[in-house]
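A.B. asks: If you're matching positions, the sequence shown starts at 0 in numbering that gives the first Met the number 0 and goes up one per residue. Ideal Cβ positions, reconstructed from N, Cα and C, are used throughout, including at glycine. Since the structure is predicted, the reported quantities are computational estimates derived from the model, not experimental observations. The structure that follows is given in the form of structure tokens.
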Amino acid sequence: MSKFPVLSPELIRRLDVPGPRYTSYPTVPAWSDEFGQCDHVRALEAASHVQDSPLSIYVHIPFCRERCTFCGCNVIVAKDPRKADRYLDFLTKELGLVAKSLGARRGVSRLHLGGGTPTFLDENQLTRLWRSLTAEFTMLPDAEIAVEIDPVVTRDEQLELLRSFGFNRLSLGVQDLDPEVQKAVDRFQSVEETRGRIDLARRLGFRSVNMDLIYGLPRQVQDGWRRTIAQVVELRPERISMFSFAYVPKAKPHQRQLPLADLPTGPTKLELFRTAHDMLMDAGYLAIGMDHFAVPEDELSLAVTESRLWRDFQGYTIVRASDTVALGVTGISCVGGAYAQGVKTLPRYEAAISEGKLPTARGHWLSPDDHRRKTVITQLMCNGKVDLGADGESTFAKELAALSRLEADGLVEIHGSLIRATPIGRVFVRNIAMVFDAYLERQAEGATTFSRTV
Ligand SMILES: C[S@@+](CC[C@H](N)C(=O)[O-])C[C@H]1O[C@@H](n2cnc3c(N)ncnc32)[C@H](O)[C@@H]1O
Numbered sequence: 000m001s002k003f004p005v006l007s008p009e010l011i012r013r014l015d016v017p018g019p020r021y022t023s024y025p026t027v028p029a030w031s032d033e034f035g036q037c038d039h040v041r042a043l044e045a046a047s048h049v050q051d052s053p054l055s056i057y058v059h060i061p062f063c064r065e066r067c068t069f070c071g072c073n074v075i076v077a078k079d080p081r082k083a084d085r086y087l088d089f090l091t092k093e094l095g096l097v098a099k100s101l102g103a104r105r106g107v108s109r110l111h112l113g114g115g116t117p118t119f120l121d122e123n124q125l126t127r128l129w130r131s132l133t134a135e136f137t138m139l140p141d142a143e144i145a146v147e148i149d150p151v152v153t154r155d156e157q158l159e160l161l162r163s164f165g166f167n168r169l170s171l172g173v174q175d176l177d178p179e180v181q182k183a184v185d186r187f188q189s190v191e192e193t194r195g196r197i198d199l200a201r202r203l204g205f206r207s208v209n210m211d212l213i214y215g216l217p218r219q220v221q222d223g224w225r226r227t228i229a230q231v232v233e234l235r236p237e238r239i240s241m242f243s244f245a246y247v248p249k250a251k252p253h254q255r256q257l258p259l260a261d262l263p264t265g266p267t268k269l270e271l272f273r274t275a276h277d278m279l280m281d282a283g284y285l286a287i288g289m290d291h292f293a294v295p296e297d298e299l300s301l302a303v304t305e306s307r308l309w310r311d312f313q314g315y316t317i318v319r320a321s322d323t324v325a326l327g328v329t330g331i332s333c334v335g336g337a338y339a340q341g342v343k344t345l346p347r348y349e350a351a352i353s354e355g356k357l358p359t360a361r362g363h364w365l366s367p368d369d370h371r372r373k374t375v376i377t378q379l380m381c382n383g384k385v386d387l388g389a390d391g392e393s394t395f396a397k398e399l400a401a402l403s404r405l406e407a408d409g410l411v412e413i414h415g416s417l418i419r420a421t422p423i424g425r426v427f428v429r430n431i432a433m434v435f436d437a438y439l440e441r442q443a444e445g446a447t448t449f450s451r452t453v
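Below, the structure written as structure tokens:
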């Protein structure tokens, strides 16, 4: 793939707006807290009728020993590992409730353990969790079974155990290897610690290793960032997630503790992405979707060439399950034609489950129009192109007119009902997708909770 295109500062300024990452459509701010546990049960029961279709399961382990100041995830800081015992008691009950509503639909093609830090759980706790999961659900023979780890707090024994259960994909939080940036975000990990986890994962036979990096962190400068990317290239993880730093202080007030004067923004931030992009291209990686990279032999790369990449709350994947069932606090399900998100706090989570209810905080039933737009947005985010179909030009006349501005800016090419993102447009695909978002105008007030597109 080509080098990252050059953009004028004026265009970068115009494109740099708050916008969703479209891990769902409609996005969470459009959901309603009137969608409750009865709706959630109804959605699961609707999904129970699609018996032959494997499920995707997401389990949220919210605990971290410390809070990283950059973090935008749903995290509960806990020092006492026994907190997880109690959480597992409730998670097991929640599994029972969910499974009951899903009837005989129990086959799983994708399991993702996310957080927080799943390896906050010790070996006994991981074993308990695995037993609870497999008591209710069946992992299919070629299932993708993934876990997110923080390399610093993860012990060999935990990785060995997870591999023995059948976990085959590992995602490492790294963010940046530059000591200056690590100091700025209060999260320290050496190249050696990271290398140690990757080497062990390979010895144990994990099918692929993903590394999370973030560009746009405070004190990231070209020299240090180049060194980081060179070290990453040398470690050669099969996949790299290159997240744009989401500065969302309204939702995550602790981010205000960061040295904000040293935050790279606008063109300076984009230059960091350019550096990483070009160095990874030179090292033989392929660009996947808007912000991922993979070695050519990785399944994600093959899926891109065959236009069958898929995207959900856990990021880009090749395993396209029709329903994702989430467990744990803040977990997001996409099931039976609806989205449903779990409550945020442990007391509310425990209270709901103690009453035999699902801990649903909010959700949304997708309308036919939502489904249509979701398909368009997913195609754009995954494959960088979409054909709006026979009646697309009339159904989306307003959107096509709005896209002409982005066409003039060189982000898209429009041929009748076919919309194709250019190489610039692939990086700013959120801006293209936003044109198809029917809720965005109404969310003008809430839009400040979205991160910026640059
Ligand atoms: C929930 S974390 C789990 C990783 C693990 N707990 C760790 O710390 O290594 C998943 C990933 O989200 C990304 N992330 C967290 N906060 C972010 C932010 N504010 N902006 C962009 N990406 C972020 C990081 O790359 C992180 O590795």
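Would you check whether ligand 1 has a heavy atom nearer than 6 Å to the C-beta of C381?
C.D. replies: The residue you call residue 381 lines up with position 382 of the sequence shown. No, the Cβ of C381 stays beyond 6 Å of every heavy atom of ligand 1.
A.B. asks: Nearest to E192 by alpha carbon, out of D185, F205, F292 and L176?
C.D. replies: As a working note, residue 192 is residue 193 in the sequence shown. When only C-alpha atoms are compared, the closest one is L176.
A.B. asks: Examine ligand 1 and report whether any of its heavy atoms sits within less than 6 Å of the Cβ of A275.
C.D. replies: Taking the first residue of the sequence shown as 1, we reach residue 275 at position 276. The answer is no for A275.
A.B. asks: Answer yes if the region 177-187 comes into contact with the region 205-224, meaning at least three C-beta pairs across the two stretches below 8 Å, and no otherwise.
C.D. replies: yes
A.B. asks: Using C-beta distances below 6 Å, list every residue in its chain close to A245, excluding the 5 sequence neighbours before and after it, in chain order.
C.D. replies: Residue mapping note: residue 245 aligns to position 246 of the sequence shown, counting from 1. Contacts found: G71 and S450.
A.B. asks: Please report the straight-line C-alpha distance between G314 and T22, rounded to a whole angstrom.
C.D. replies: Indexing the sequence shown from 1 puts residue 314 at position 315. Indexing the sequence shown from 1 puts residue 22 at position 23. Going from the Cα of G314 to the Cα of T22 covers about 7 Å.
A.B. asks: Would the beta-carbon of F69 be found less than 6 Å away from any heavy atom of ligand 2?
C.D. replies: Looking for ligand 2 in the displayed structure turns up nothing; the ligands present are ligand 1.
A.B. asks: For Y57, name the three-state secondary structure that DSSP assigns.
C.D. replies: Translated into the one-based positions of the sequence shown, residue 57 becomes position 58. Three-state DSSP puts Y57 in a strand.
A.B. asks: Span of the beta strand (DSSP E) holding V334?
C.D. replies: Locating residue 334 in the sequence shown gives position 335, counting from the first residue. V334 -> beta strand (DSSP E) spans I331 to V334.
A.B. asks: Would you identify the three-state DSSP class for H414, choosing helix, strand or coil?
C.D. replies: Start at 1 with the first residue of the sequence shown, and residue 414 comes out as number 415. Reduced to three states, the DSSP call for H414 is strand.
A.B. asks: Is L417 buried or exposed, if buried means 16 or more other CB atoms sit within 10 Å of its CB?
C.D. replies: Taking the first residue of the sequence shown as 1, we reach residue 417 at position 418. Exposed is the call here.
A.B. asks: State the Cα-Cα distance for the pair P28 and Q340, rounded to the nearest angstrom.
C.D. replies: Locating residue 28 in the sequence shown gives position 29, counting from the first residue. Locating residue 340 in the sequence shown gives position 341, counting from the first residue. Roughly 12 Å separates the two Cα atoms.
A.B. asks: Pull up the CB-CB distance for L54 and V107, whole angstroms please, since I reckon it's below 8 Å.
C.D. replies: Position 55 of the sequence shown, counting from 1, holds the residue named residue 54. Position 108 of the sequence shown, counting from 1, holds the residue named residue 107. Confirmed, Cβ separation roughly 5 Å.
A.B. asks: What does the Cβ neighbour count give for E9, buried or exposed, with the cut at 16 atoms within 10 Å?
C.D. replies: Here residue 9 is taken as the residue at index 10 of the sequence shown, counted from 1. E9 should be labelled exposed.
A.B. asks: Taking 6 Å as the line, does the beta carbon of I197 fall inside it for any heavy atom of ligand 1?
C.D. replies: By one-based count along the sequence shown, residue 197 stands at place 198. Checking every heavy atom of ligand 1 against the Cβ of I197, none is found closer than 6 Å.
A.B. asks: Could you give the residue range of the alpha helix (DSSP H) that holds D198?
C.D. replies: The residue labelled residue 198 in the question sits at position 199 within the sequence shown. From DSSP, the alpha helix (DSSP H) with D198 extends over V190 to L203.
A.B. asks: Which value, in whole angstroms, describes the spacing of the CA atoms of T118 and E392?
C.D. replies: Here residue 118 refers to the residue found at position 119 when the sequence shown is read from its first residue. Here residue 392 refers to the residue found at position 393 when the sequence shown is read from its first residue. Straight-line Cα distance between these residues: approximately 49 Å.
A.B. asks: Quick one: what's got a C-beta closer than 7 Å to R255's C-beta in the same chain, skipping five residues either side?
C.D. replies: Here residue 255 corresponds to residue number 256 of the sequence shown, with the count starting at 1. Closer than 7 Å at the Cβ level, and outside the excluded window around R255, lie P248.
A.B. asks: Could you spell out the range, first to last residue, of the alpha helix (DSSP H) harbouring G348?
C.D. replies: Sequence index remark: in the sequence shown, residue 348 carries index 349 (1-based). It is worth fixing the name first, because residue 348 is Tyr in this sequence and not Gly. Run containing Y348: L345 to S353, per the alpha helix (DSSP H) assignment.
A.B. asks: Using three-state DSSP, classify Q219 as helix, strand or coil.
C.D. replies: For this step, residue 219 is matched to residue 220 along the sequence shown. Residue state, collapsed to three classes: coil.
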